[in-house]
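Q: Below is the structure I would like to discuss, written out as structure tokens.
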Amino acid sequence: MTMWIPDLSSGTGPVYRRIAHAIGDAVEKGQLQAGDRLPTHRDLAYHLGVTVGTVTRAYREAERLGLAIGEVGRGTYVSAPLDMSPPLLLPGHPVSYGKEQPRAENDDDDADLPRQNASNGFVSSGVTSTPVNFGTADVSFTKSRDSDQPYPVLVEDGPINFRMNCPLPPQETHINQVLIDIAQSGPIENLITYKTEYGMPHHRQALAKMAGRFGLDDNPDRVLPTAGVQHAMTVALMTFTRPGDLVLCEEMTYPNLRSLAAMMQFRLRGVAMDEEGILPDVLDNLCRTQSPRVIYLMPTLHNPLCSTMSHERRIAIAEVLRKHNLMLIEDGIYGFLNPDAPPPLSCFVPERAIYLNGISKSVGGGLRIGFIHAPIQYIAKLASGIRTTCWMTPGINLELVTRLINDGTIERYETWHREEASRRLGIILGSLKGYDVRFHPTNYHIWLALPDHIETSELVMNAANSGVMLTAAQQFAVGIPPRGLRLSFGAERSTERIHHGVNIILRLLQTSEFSDAHVM
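Okay, structure coming up:
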């Protein structure tokens with residue numbers, strides 16, 4: 001460990017930022033080298049005469065600036081210089097980019113780190129409130145730091161859920177009737193006994209029909225049913241990667257890809273993006289220098305940044321994939337919300353594309369039905385992955401989805417969702433006027449870029465303390481996270497709760513000062 005103590009006498013601004021900038025200055029002057037361990041939170045707090053929370057915040061800021069890397073159970077280290085390649089996300093070697101993570105039991109540096117109390121769901125973040133009983137229709141009044149005026153937190157159905165990107169289906173009884181029809185259509189044994197991992201022929205035909213609507217080849221032989229898109233992603237990565245392989249993705253990506261990287265022991269690296277998605281020249285350079293095995297992309301309505309690749313960008317990306325023989329895994333789960341988007345990227349490089357989709361966002365995630373669309377030569381290997389992970393996709397669920405595809409219900413639901421998302425988006429944007437918001441007019445989430453004076457993690461904790469659940473950029477980042485958060489608004493049934501929740505966020509955004517957070 002390097003007993004480096006910064007000189008803060010000449011700086012201005014908040015102490016935590018002065019500490020973070022001092023780390024950068026020390027690196028430039030050669031006083032700190034990449035790999036040096038920084039003083040523990042307690043040691044540095046003692047020598048500077050500040051709180052441990054201030055040092056914790058300073059190290060988070062240093063991580064955000066790419067100056068330091070926190071390692072679980074080991075401490076905080078000076079990172080490589082910013083002009084070097086960004087760090088790889090290595091399995092079994094977690095990297096903290098401003099996100100609280102548990103430390104080893106013998107590491108007392110985290111004594112003052114914020115922790116969320118799982119018993120009541122509250123974190124104190126500079127506001128005072130009466131704990132809310134999330135199981136009742138009570139209203140708690142919370143006071144902000146800058147005002148004595150209380151504002152209510154509605155808790156009729158628990159916290160306002162802007163965290164989960166899981167749109168609710170329309171309230172109707174058609175699915176009930178389809179289930180009754182299935183039960184009455186004959187012996188049920190054929191749907192509850194073991195079947196091949198390839199699925200029943202009429203189920204594959206229905207899923208191929210769905211794939212065809214998005215512009216893909218509707219040959220059933222190219223389709224395999226899966227237990228949701230998450231399962232499809234797992235099967236695809238099992239099939240085409242081995243421990244130690246490099247997998248590329250957008251620099252902001254689906255969080256469970258990071259979990260799969262840790263579990264399956266492949267390396268993960270983000271590709272730089274602009275407003276359309278990944279940059280072709282950056283991808284080409286990474287392919288030439290790093291020899292990746294697979295790339296996972298969400299070209300249409302990217303989660304969380306809401307971007308959609310243009311037709312021209314898809315052509316350019318496909319050329320790079322083909323040039324370097326790079327396998328594409330494309331996640332199309334949000335594509336139905338943007339019917340004007342170009343065809344899937346998989347259509348531009350069909351010989352090297354594994355396309356994933358399902359009905360979790362259009363009908364319901366509880367059904368756990370998705371599909372893989374792939375070149376025929378890979379189908380047997382992918383089917384083996386399905387057999388290894390779950391043997392087969394549940395027949396009753398597949399039968400229900402098959403009937404919903406064939407009778408037009410899923411298309412009808414997709415249209416309804418686009419209209420509903422647009423209506424809800426109007427509520428969100430009406431309250432966030434003047435803020436930097438990325439959105440698509442028929443999508444169920446937005447990306448909110450935050451002003452420089454607001455720390456993302458603290459805003460998320462302040463919101464949680466006020467009964468609103470959000471997702472910070474750190475959850476999606478492969479590398480240094482931007483300052484921002486995703487706000488999803490499909491999981492709430494009540495638009496009144498949506499309106500109330502976004503007004504709470506607006507009030508927190510207007511709070512000019514964020515202090516260190518402590519657990520209640």
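Position one of the sequence shown corresponds to residue 1 (UniProt numbering), numbered consecutively onward. By construction, the Cβ of each residue, glycine as well, lies at the ideal position given by its N, Cα and C atoms.
Should N190 be labelled buried (16 or more other beta-carbon atoms within 10 Å of its own) or exposed?
A: Translated into positions along the sequence shown, residue 190 becomes position 190. By the neighbour-count rule (16 or more Cβ atoms within 10 Å), N190 is not buried but exposed.
Q: Using DSSP's beta-bridge definition, name the partner residues of M309.
A: Here residue 309 is taken as the residue at index 309 of the sequence shown, counted from 1. DSSP lists no partner for M309.
Q: With 16 other CB atoms within 10 Å as the buried threshold, where does P167 fall?
A: Here the question's residue 167 lines up with position 167 in the sequence shown. P167 is buried by the Cβ-count criterion.
Q: By Cβ distance below 8 Å, which residues in the same chain neighbour R424 in space, the five residues on each side in sequence not counted?
A: Position 424 of the sequence shown, counted from the start, is the residue given in the question as residue 424. Taken in chain order, the residues that qualify are Y444, F489, G490, T495, I498.
Q: Name the one or two DSSP bridge partners that G484 has.
A: Here residue 484 corresponds to residue number 484 of the sequence shown, with the count starting at 1. Beta-bridge pairing links G484 to A449.
Q: Can you give the Cα-Cα distance for W4 and T12, rounded to whole angstroms?
A: Locating residue 4 in the sequence shown gives position 4, where the first residue counts as 1. Locating residue 12 in the sequence shown gives position 12, where the first residue counts as 1. The alpha-carbon atoms of W4 and T12 are separated by roughly 20 Å.
Q: Quick check: the segment 381-399 against the segment 213-228, are at least 3 beta-carbon pairs closer than 8 Å?
A: Yes, they touch.
Q: Is D25 helix, strand or coil when you go by DSSP?
A: If you number the sequence shown from 1, residue 25 lands on position 25. In this structure, D25 counts as helix in the three-state DSSP scheme.
Q: Near R18, what residues of its chain come up, given a Cβ to Cβ distance below 6 Å and the 5 sequence neighbours on each side ignored?
A: The residue given as residue 18 occupies position 18 in the sequence shown. Excluding sequence neighbours, R18 sits near L8, G11.
Q: Any contact between the segment 407-414 and the segment 239-258? By contact I mean 3 or more CB pairs, one from each, below 8 Å.
A: The segment 407-414, when compared against the segment 239-258, does not touch it at the 8 Å Cβ threshold.
Q: Using DSSP bridges, identify the partner residues of R269.
A: Here residue 269 corresponds to residue number 269 of the sequence shown, with the count starting at 1. Note: R269 sits in a beta bridge opposite L248.
Q: Enumerate in chain order the residues of its own chain whose CB-to-CB distance from P14 is below 6 Å, with the five nearest sequence positions on each side excluded.
A: Position 14 of the sequence shown, counted from the first residue, corresponds to residue 14. Answer for P14: no residue qualifies.
Q: Between G365, G370, L32, which has its C-alpha nearest V235's C-alpha?
A: The residue given as residue 235 occupies position 235 in the sequence shown. Taking only the C-alpha atoms, the option nearest V235 is G370.
Q: Thinking C-beta only, is F476 closer than 8 Å to P304?
A: Indexing the sequence shown from 1 puts residue 304 at position 304. Indexing the sequence shown from 1 puts residue 476 at position 476. In contact: P304 and F476 (Cβ atoms closer than 8 Å).
Q: At what residues does the beta strand (DSSP E) containing G358 begin and finish?
A: Locating residue 358 in the sequence shown gives position 358, where the first residue counts as 1. Start and end: 353-358.
Q: To which residues of the same chain is R204 closer than 6 Å at the C-beta, ignoring the five residues directly before and after it?
A: The residue you call residue 204 lines up with position 204 of the sequence shown. P220, V223.
Q: According to DSSP, what are the bridge partners of L224?
A: Translated into the one-based positions of the sequence shown, residue 224 becomes position 224. DSSP output for L224 lists I372 as bridge partner(s).
Q: Could you please give me the residues that DSSP links to V401 through a beta bridge?
A: By one-based count along the sequence shown, residue 401 stands at place 401. Answer is none; V401 lacks a bridge partner.
Q: G42 lies in the alpha helix (DSSP H); which residues open and close that run?
A: As a first step, residue 42 is located in the sequence shown; it is residue number 42 there, counting from the start. In the sequence as displayed, the identity of residue 42 is Arg instead of Gly. Note, R42: alpha helix (DSSP H), 41-48.
Q: If the criterion is Cβ atoms closer than 8 Å, does the pair T239 and L382 meet it?
A: Residue numbering aside, residue 239 sits at position 239 when the sequence shown is read from its first letter. Residue numbering aside, residue 382 sits at position 382 when the sequence shown is read from its first letter. Yes, they are a contact pair.
Q: Between which two residues does the beta strand (DSSP E) containing I295 stretch?
A: On the sequence shown, position 295 is the one that residue 295 refers to. Element bounds for I295: 294-297.
Q: Report yes or no: do three or more beta-carbon pairs, one from the segment 436-453 and one from the segment 38-56, lie closer than 8 Å?
A: With a cut-off of 8 Å, the segment 38-56 and the segment 436-453 do not count as touching, because too few Cβ pairs lie within range.
Q: If we call anything under 8 Å between Cβ atoms a contact, is L367 one with V349?
A: Sequence index remark: in the sequence shown, residue 367 carries index 367 (1-based). Sequence index remark: in the sequence shown, residue 349 carries index 349 (1-based). The answer is no: Cβ separation not under 8 Å.
Q: Based on Cα-Cα distance, which residue from P482, V78, A463, M469 lies nearest to residue 523?
A: Any question about residue 523 goes unanswered here, given that the chain covers just 1 to 520.
Q: Label P339 either buried or exposed according to how many other C-beta atoms from any shown protein chain fall within 10 Å of its C-beta, with 16 as the threshold for buried.
A: Taking the first residue of the sequence shown as position 1, residue 339 is located at position 339. Under this definition P339 is an exposed residue.
Q: Roughly how many whole angstroms lie between the Cα atoms of S147 and H500?
A: Numbered from 1 along the sequence shown, position 147 holds the residue referred to as residue 147. Numbered from 1 along the sequence shown, position 500 holds the residue referred to as residue 500. Confidence at S147 is low in this model, with a pLDDT of 44, below 50, so the placement of that residue should be treated as unreliable; the coordinate-derived value is given next. S147 and H500: Cα-Cα distance of roughly 18 Å.
Q: Rounding to the nearest angstrom, what Cα-Cα distance links H417 and T442 in this structure?
A: Working through the sequence shown from its first residue, we reach residue 417 at position 417. Working through the sequence shown from its first residue, we reach residue 442 at position 442. Cα-Cα distance, rounded: 8 Å.
Q: Hey, how far is the Cα of residue 588 from the Cα of D274?
A: For the chain, the structure presents residues 1 to 520; residue 588 sits outside this window and is missing.
Q: Where residue 537 and I504 are concerned, what is the direct C-alpha to C-alpha distance, given to the nearest angstrom?
A: Not covered by the structure: residue 537. The range shown for the chain is 1 to 520.
Q: Tell me L328's beta-bridge partners as DSSP assigns them.
A: Residue mapping note: residue 328 aligns to position 328 of the sequence shown, counting from 1. Paired residues: I295, A353.
Q: G335 to E63, Cα distance in whole Å?
A: Here residue 335 refers to the residue found at position 335 when the sequence shown is read from its first residue. Here residue 63 refers to the residue found at position 63 when the sequence shown is read from its first residue. Answer to the nearest angstrom: the Cα atoms are 34 Å apart.
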